[in-house]
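Structure, as structure tokens:
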Amino acid sequence: MDDLDREILSILRRDARTPYTEIADRVGTSEGTVRNRVERLVEDGVIERFTVATRTGNVKAMIEVSVDVNVDTAEVSDRIADWQQVDFVWQVSGEEDIVVVVDAADTDAVNGLITQARELEEVVGTKTRLILNERVG
Numbered sequence: 003m004d005d006l007d008r009e010i011l012s013i014l015r016r017d018a019r020t021p022y023t024e025i026a027d028r029v030g031t032s033e034g035t036v037r038n039r040v041e042r043l044v045e046d047g048v049i050e051r052f053t054v055a056t057r058t059g060n061v062k063a064m065i066e067v068s069v070d071v072n073v074d075t076a077e078v079s080d081r082i083a084d085w086q087q088v089d090f091v092w093q094v095s096g097e098e099d100i101v102v103v104v105d106a107a108d109t110d111a112v113n114g115l116i117t118q119a120r121e122l123e124e125v126v127g128t129k130t131r132l133i134l135n136e137r138v139g
């Protein structure tokens, strides 16, 4: 990956729907070059998916989940990722093992997701942080 790839990724992170012609103008290359590079970045797994970021007025939160020592965190993460209102599931290092980013209708819905996590046999504890503001980098 070179500087041109990084510039293209930076633009796509802010708006994944930016037309290749606009990206090409902004980075000083042709539309075909941008298209080919994006296709290569997808094939190489650098770009995992194109997604939509929402500002719904909902309550966003990070639910930090600790699991038992002998648990397959990937398997637990996969199950949690299927829940409604879950935006992201990250396996992390530190005190907690999994971070779940949720976009819920209200605090009662966030609390329901916390309860759902705590009801999993493998989970030994949770911590929750409400997301007060969000910026795209």
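Each residue of the sequence shown is one higher than the last, beginning at 3 in this note's numbering.
Don't be surprised by glycine CBs; every beta carbon is placed ideally from N, CA and C.
| query | result |
| --- | --- |
| Is residue 28 near residue 138, with beta carbons less than 8 Å apart? | no |
| Give me the Cα-Cα distance between residue 127 and residue 94, rounded to the nearest whole angstrom. | 15 Å |
| Report the residue ranges of all beta strand (DSSP E) runs contained in full by the region 60 to 113; include only those spanning at least 3 residues, in chain order. | 61 to 69, 88 to 93, 100 to 106 |
| Mark residue 133 as exposed unless 16 or more other C-beta atoms lie within 10 angstroms of its C-beta, in which case mark it buried. | exposed |
| Where does residue 2 sit, in a helix, a strand or coil, going by DSSP? | This structure does not reach residue 2, given that the chain is present from 3 up to 139, and the question cannot be answered. |
| In the DSSP assignment, find the alpha helix (DSSP H) that holds residue 23 and state where it starts and stops. | 22 to 29 |
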